[in-house]
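To get this note's numbering, take the position in the sequence shown, counting from 1, and add 2.
Heads up, the thing below is written out as structure tokens.
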Amino acid sequence: ATAAAGAWGAVDWAADNSKLLVQNYVSANESYLYWYDLSIKKLTAINPQPKKKIAYGAARWRKDGSGVYYTSDEAGEFQQLYFYELATGKKTVITDKISWDVEEVELSHDGAKLAYTVNADGISQLRVIDLKTNQELKLPELPLGLIFGLKFSPDGGTLGMTLNNAQTSGDAFALNLSTQELVRWTFSEVGGLQTENFVAPQLIRYPTFDKVNNAPRMIPAFYYKPKNAGGKLPVIINIHGGPEGQAVPSFSSITQYYVNELGIAVLVPNVRGSSGYGKSYLAMDNGYKREESVKDIGALLDWIAQQPELDASRVGVTGGSYGGYMTLAAMFMYNDRIRAGVDVVGISNFVTFLESTQEYRRDLRRVEYGDERDPKMREFLNRISPTTNAHRITKPLFVIQGLNDPRVPASESQQIVETVRRNRGQVWYLVAKDEGHGFQKKGNRDYQSNATTLFWEEFLLGKKEGTN
């Protein structure tokens, strides 16, 4: 077989190791699923639909190798679960009544049970089906959070999983499917902290600038509110990267520090372009619609101003990678409403980013951001880029970068720092010579956390607003 555009990856081996599931990923809205026969070295498409762009997710072989369980968005907005029979090409939808993405899929060793998770508003729901009766098993209520790493015991009676939420940093649990008893197997190191005191977020929705069915479009966000807070609370808006990422209620030590120790409310929005809310929502920030996602941050600022417990005069914004771009864009679009910002490995100019990111990623990113080789698109990308609008960034900015970043090269951070400083803006700049796309080494991470805390203490919590 000849390779197509995008990235290729192995997904699942058949039980007898004679066949391999392979996925070809082109973009968040387009991928292809194949099976490879090792005996004759032949690649065959699963569920071929040449006139339709489909995004595939999880895929698992049926235990007898006769077919494949897979998820795709071919029938609508969300990733639904299907069974595809190789011999006939017949497919059966299993989860047609679920209006959320099906994410992880796992089969028991004997092929009698199928477990899957549903991403419902960023929170995992677990389902288990008895494939002999096609009935869903009754399960106990599980802790709210993220569920992944599903694995059945050899006898199929117990389902193992990893659970991550605001109070659990990622621990192994085992669910007895007969007794419905959930047993926690591991207790991850949290430095002696009392995690039961950590704040679980509230899921909120706020209206944005456009409408759906003659009503304001509502943007979901997770709201971490300090306990027993007195007076109006300062706010940090934390914007995820991707752009196709999704903010979820996962364990975050830095968020808990801000909330519990510094008394800062933290809002983590899923602006348009986020995954988890349907493929139309996912594509709503593509190309020329880029700044519409930034307007969703403007709408969040409006919502903050309407909350009696929040201090709209003390709002900081932060994000990493694409979230770094969103931070910079929010700082120049809403400069008079943001007190300070922290940009971590962020894009500062889409044209220079697309021309200097690793070649294997370039076409993938052009699908999302636009093709900088097209003169009209190039002019647009330059016009909306933070480097072009750096003169409008007059509030304190902290830029953090790994020197060896292959995704968002260090030149992206360097040029925004130089441009803002040239316009007499105030910038803190932290570069780690031994890091890439985000800091990984403990010493560097600790330094980053401490420096960021000092920045917020000075410019968000203190009375200083920086100098122009």
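We treat Cβ as the ideally placed atom computed from N, Cα and C, and that holds for glycine.
Residue i, DSSP secondary structure in three states
i	result
T455	helix
L463	helix
N470	Caution is warranted here: a pLDDT of 38 is assigned to N470, below 50, making its placement in the model unreliable, and the coordinate value is therefore given only provisionally. Coil.
Q428	coil
A16	coil
W10	strand
T354	helix
A412	helix
E138	strand
E370	helix
I349	coil
K444	helix
A60	strand
G1	With the chain running from 3 to 470 in the structure shown, residue 1 is simply not present.
D212	strand
P236	strand
P377	helix
Q450	helix
A434	strand
R364	helix
V185	strand
P156	coil
I241	strand
Q403	strand
F200	coil
E420	helix
Y225	strand
I340	coil
A331	helix
A217	strand
N384	helix
A231	coil
Of the residues the options, the one placed nearest residue i, counting alpha carbons only
i	options	result
A60	N136, N230 and E105	E105
I241	K297, G193, P142 and E191	K297
L366	V28, L23 and W15	V28
D103	K444, S277, L40 and Q25	S277
K99	Q248, L88, G78 and Y36	G78
Y86	K115, P50 and F80	P50
D75	S415, T46 and Y34	Y34
N31	A12, K43 and K54	K54
G233	S254, E311, K140 and Y226	E311
R394	T359, P271 and R423	R423
T354	P411, P377, I306 and Q309	P411
R363	I256, K378 and P408	P408
R380	I48, S41 and G289	G289
F80	E420, F457, D287 and Y283	Y283
CB contact flag (residue i, residue j, <9 Å)
i	j	result
P222	A168	no
N199	P228	no
G427	A392	yes
L161	A117	yes
A57	K291	no
L330	F352	no
G244	G124	no
L519	T73	Since the first residue shown for the chain is 3 and the last is 470, residue 519 is missing from the structure and cannot be characterised.
M333	L399	yes
S295	G275	yes
Q127	I96	no
Y208	A301	yes
K21	W10	no
I349	K397	no
I299	Y336	yes
L462	Q450	no
D304	L235	no
V270	I239	yes
S358	E420	no
L146	L177	no
L195	Y225	no
Residue i Cβ short of 8 Å to the ligand FAD heavy atom set
i	result
V192	The ligand content of the structure shown is nil, which means the ligand FAD is not present either.
Quick check: the stretch 338-353 against the stretch 258-275, are there 3 or more CB pairs under 8 Å? no
Tell me whether the stretch 369-377 and the stretch 389-409 touch, counting them as touching only if at least three CB pairs, one residue from each stretch, are closer than 8 Å. The stretch 369-377 vs the stretch 389-409: no contact.
Determine contact between the stretch 59-78 and the stretch 305-324, defined as no fewer than three beta-carbon pairs at a distance below 8 Å. Contact between the stretch 59-78 and the stretch 305-324 is absent, because fewer than three Cβ pairs lie under 8 Å.
Could you tell me whether the stretch 152-167 touches the stretch 109-117, where touching means 3 or more Cβ pairs closer than 8 Å? yes
Which ranges does the beta strand (DSSP E) cover as unbroken runs of at least 3 residues, wholly within the stretch 248-322, from first to last along the chain? If we require 3 residues or more, the beta strand (DSSP E) runs fully inside the stretch 248-322 come out as 267-271 and 312-322.
At a cut of 8 Å, does the stretch 381-392 reach the stretch 439-446 through at least three beta carbon pairs? With fewer than three CB-CB distances shorter than 8 Å, the stretch 381-392 does not count as touching the stretch 439-446.
Any chance you could list the beta strand (DSSP E) runs of at least 3 consecutive residues sitting entirely within the stretch 72-113, in chain order? Restricting attention to beta strand (DSSP E) runs no shorter than 3 residues, the stretch 72-113 encloses them at 82-87, 93-95 and 103-109, ordered along the chain.
Is the stretch 124-139 close to the stretch 209-221, with three or more CB pairs under 8 Å? no
Three or more C-beta pairs under 8 Å: does that hold for the stretch 188-206 against the stretch 169-179? Counting Cβ pairs under 8 Å, three or more are found: they touch.
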